[in-house]
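Add 25 to a position in the sequence shown, counting from 1, and you land on the number used in this note's numbering.
Note that beta-carbon positions come from the ideal geometry of N, C-alpha and C, so glycine has one too.
The model shown is predicted, which means the values in this text are computed figures rather than measured ones.
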Amino acid sequence: MSLKAPPFQLYFELLFLENYSKLGSREKKSVDKGIKLMASNPRHPSLNVHKAKNVGAKYSVGGKDVFIAYATRSIRFTFEYGPTPGVIALRNCGPHDKCERKI
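#1: Quick check on DSSP: helix, strand or coil for N117?
#2: Who are the near neighbours of F92 in its chain, counting only those whose CB is closer than 8 Å to its CB and skipping five residues on each side?
#3: Can you name the start and end residues of the beta strand (DSSP E) that R68 belongs to?
#4: Can you tell me whether DSSP reads A82 as helix, strand or coil?
#5: Going along the chain, which residues of its own chain have a beta-carbon closer than 8 Å to the beta-carbon of L115, five neighbours each way excluded?
#6: Go ahead and label N117 buried or exposed: buried means 16 or more other beta carbons lie within 10 angstroms of its beta carbon, across all protein chains shown.
#7: Mind checking G87: buried by the 16 CB within 10 Å criterion, or exposed?
#8: What is the DSSP secondary structure of A77, reduced to helix, strand or coil?
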């Protein structure tokens with residue numbers, strides 16, 4: 026018998042929403058797919074999730090780390106656990122150089 030955890034609820038930061046609105050339709054589709062995968066399994070191998078360096082989390086619920094996930098080879102989104110248990114806060118998205126600079 027395998028137990029599957031329920032998917033995480035999502036909380037969208039303002040910066041994420043602003044940058045998401047600037048993406049093209051293909052990029053949005055890739056980000057949407059990545060977010061769906063992440064909500065059900067934040068450690069899914071195709072997301073290549075890793076910790077962001079020198080960035081602290083806003084919410085103490087999930088620890089002090091912010092994470093970077095790959096939507097495509099060039100498009101990333103950043104997230105952290107919180108603001109409440111069972112929730113993932115999406116912080117930013119976009120081309121990797123811009124997304125990772127403004128986490």
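So, from the data block:
#1: strand
#2: P67, V74, H75, K76, A77, T103, F104 and E105
#3: Counting along the chain, R68 falls outside any beta strand (DSSP E), and DSSP gives it neither H nor E.
#4: coil
#5: Excluding positions up to five away in sequence, the list reads L35, Y36, F37, E38, F41, I60, F102, T103 and F104.
#6: buried
#7: buried
#8: The DSSP-derived three-state label of A77 is coil.
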